[in-house]
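Residue numbers (this note's numbering), protein chains in the order written: chain A, 1 to 199; chain B, 1 to 199. Idealized CB from N, CA, C, for every residue including glycine. In what follows, a single structure is set out as structure tokens and then discussed.
Protein chains: 2
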Amino acid sequence: MPRPPRFTRENLIDAAVRVCVQNGPGALTIGAVARMAGAPTGSIYHRFASREDLLAETWVASMAAFQPGFIVALRQRSEPPGLAAALFPVQWARSHPDAARLLVLYRRQDFVGGELPERLREAAGKLATELGDAISEFAVSAFGDQSLAAKQRATFLVLDLPNAAMRRYLAAGIGPPQGVDELVAEAVTAMSTASSALD
Amino acid sequence: MPRPPRFTRENLIDAAVRVCVQNGPGALTIGAVARMAGAPTGSIYHRFASREDLLAETWVASMAAFQPGFIVALRQRSEPPGLAAALFPVQWARSHPDAARLLVLYRRQDFVGGELPERLREAAGKLATELGDAISEFAVSAFGDQSLAAKQRATFLVLDLPNAAMRRYLAAGIGPPQGVDELVAEAVTAMSTASSALD
DNA sequence: CCCTTGGTAGCATAGATATTCTAGAATTAG
DNA sequence: CTAATTCTAGAATATCTATGCTACCAAGGG
Numbered sequence: 001m002p003r004p005p006r007f008t009r010e011n012l013i014d015a016a017v018r019v020c021v022q023n024g025p026g027a028l029t030i031g032a033v034a035r036m037a038g039a040p041t042g043s044i045y046h047r048f049a050s051r052e053d054l055l056a057e058t059w060v061a062s063m064a065a066f067q068p069g070f071i072v073a074l075r076q077r078s079e080p081p082g083l084a085a086a087l088f089p090v091q092w093a094r095s096h097p098d099a100a101r102l103l104v105l106y107r108r109q110d111f112v113g114g115e116l117p118e119r120l121r122e123a124a125g126k127l128a129t130e131l132g133d134a135i136s137e138f139a140v141s142a143f144g145d146q147s148l149a150a151k152q153r154a155t156f157l158v159l160d161l162p163n164a165a166m167r168r169y170l171a172a173g174i175g176p177p178q179g180v181d182e183l184v185a186e187a188v189t190a191m192s193t194a195s196s197a198l199d
Numbered sequence: 001m002p003r004p005p006r007f008t009r010e011n012l013i014d015a016a017v018r019v020c021v022q023n024g025p026g027a028l029t030i031g032a033v034a035r036m037a038g039a040p041t042g043s044i045y046h047r048f049a050s051r052e053d054l055l056a057e058t059w060v061a062s063m064a065a066f067q068p069g070f071i072v073a074l075r076q077r078s079e080p081p082g083l084a085a086a087l088f089p090v091q092w093a094r095s096h097p098d099a100a101r102l103l104v105l106y107r108r109q110d111f112v113g114g115e116l117p118e119r120l121r122e123a124a125g126k127l128a129t130e131l132g133d134a135i136s137e138f139a140v141s142a143f144g145d146q147s148l149a150a151k152q153r154a155t156f157l158v159l160d161l162p163n164a165a166m167r168r169y170l171a172a173g174i175g176p177p178q179g180v181d182e183l184v185a186e187a188v189t190a191m192s193t194a195s196s197a198l199d
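So, in structure tokens, the structure goes:
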């Protein structure tokens, strides 16, 4: 019944992601997104209440695209434990280059600033909780240990380590080469062997 | 003979670093730095030609503070090779919290944009070259291999890995806890053992 | 004591940018 | 065909920032 949209939320968030990965989140201006999407500025305000909101949505949408698959990988049993999860971000980066750059090269804090509408605060909070819980669960199953230290170790293995290995490539705008998977696998295996040797 | 300065270059760069780590490089505006330093805006233009210059100087100064010590650590023989270098960034972060946050949480590209005055381009280029050479040299001495892959592996071990392990703490505004050193040491040792097992 | 040098102070200007607002366009139910 | 609804368009306004500019300040040498 209504006029069909030319610029959906999704279209505009895509454009916003591209602006951010090209010039950093600081360069996300309404004008820049409008140019990137080929839309007039007014159309952006039709979908988003403010620049701040759009910036936050950009982050939340990218994280929401990444996280479910990652959590599945986290629950998958692999040998050594965590290998499947640690490889997931690298593989995901190949199929989602823009969103991956956003997530790896910047931080939540660069996008989600002060006051946000309920919907976004809730979405962001839910994502954080889900991820934290999934990692804790993994730490218990992998290390049989529910201490904070075990969770930190798990976070390092499955997130920080692969991100570190990819970072330079994503910064250069290229997909992570095959060697990254090998390096990650080697590191996870090495650390797993080292710790089981302590038993 | 002249009037004694109230705001030196150093003062202002310090303030700029603090602005960046608090709100990201995008928040580095002349006004923000002026407020942080307690100076009027005009005083900043007395020292720096433009906002872009100040931003670039902020990065160059932080990197220049980090790099010499790191290079010394890189040349230091340790067992396994690279352990001393990999631990250096973590220790340095404890004594230089603001500069470390800047270097770990953001990238050169977020600071050093397009056109820069000769002095800065040269300083930035020299830093990059020195670091690259030092890492290559380390890669040869540690792995006996001057391939690009060896250099990438070395970079991962001594820079990306420790940065990844610290990142969350620096983002939260706290110094890296002792567990980080242990994790880094464990990872470097594990990977060194794994690769020597291949011989 | 005055002049020179390097500095501070902060208002004034120009250019961006965010945000608002009004007019009109595209659809379909009735 | 018309009303109701959702959207596009983009000009107009309000803010924010970077930068330029002028007046004035402090110290030491002559």
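Provide the residue span of the alpha helix (DSSP H) that contains residue i, from first to last.
i	result
A/A16	R9 to N23
A/T29	First-last for A/T29: undefined, no H or E at that position.
A/E52	R51 to R75
B/S43	T41 to R47
What number of angstroms, rounded off, separates the C-alpha of residue i from the C-alpha of residue j?
i	j	result
A/Q109	A/E52	12 Å
B/V33	B/R107	20 Å
A/A16	A/L54	8 Å
B/V180	B/A149	26 Å
B/L74	B/A154	10 Å
A/D145	A/A85	18 Å
B/Q91	B/P162	10 Å
A/V104	B/A164	11 Å
B/D133	B/C20	29 Å
B/K126	A/T8	47 Å
A/D98	A/L170	9 Å
A/P117	A/A56	10 Å
B/V184	A/S50	42 Å
B/F88	A/L87	27 Å
B/R35	B/I44	11 Å
B/I30	A/Q22	24 Å
B/E186	B/P176	16 Å
B/R18	B/R94	16 Å
B/A208	A/V158	Any answer about residue 208 of chain B is impossible in this case: the structure gives chain B only from 1 up to 199.
B/G69	A/R119	47 Å
A/L83	B/L28	40 Å
A/R47	A/H96	24 Å
B/F156	A/E130	29 Å
A/R121	B/A190	40 Å
B/F111	B/P25	7 Å
A/R77	B/A65	44 Å
Is it right to say residue i is buried, meaning 16 or more other beta carbons lie within 10 angstroms of its own, or is it exposed?
i	result
B/I13	buried
B/Q178	exposed
A/D160	buried
B/A139	buried
B/V60	buried
A/R167	buried
B/Q152	buried
B/V72	exposed
A/S62	buried
B/S192	buried
B/G42	exposed
B/P5	exposed
B/T58	buried
A/A37	buried
A/R101	buried
A/G113	exposed
B/I135	buried
B/I174	exposed
A/S196	Confidence in A/S196 is poor, its pLDDT being 49 and thus under 50, which makes the residue's placement too unreliable to answer from.
A/A124	buried
B/P81	buried
Entirely within the region 139 to 178 of chain B and at least 4 residues each: give me those alpha helix (DSSP H) ranges in chain order. 148 to 155 and 161 to 171
Go through the region 84 to 109 of chain B residue by residue and report every complete run of the beta strand (DSSP E) that reaches 3 residues or more, in order. none
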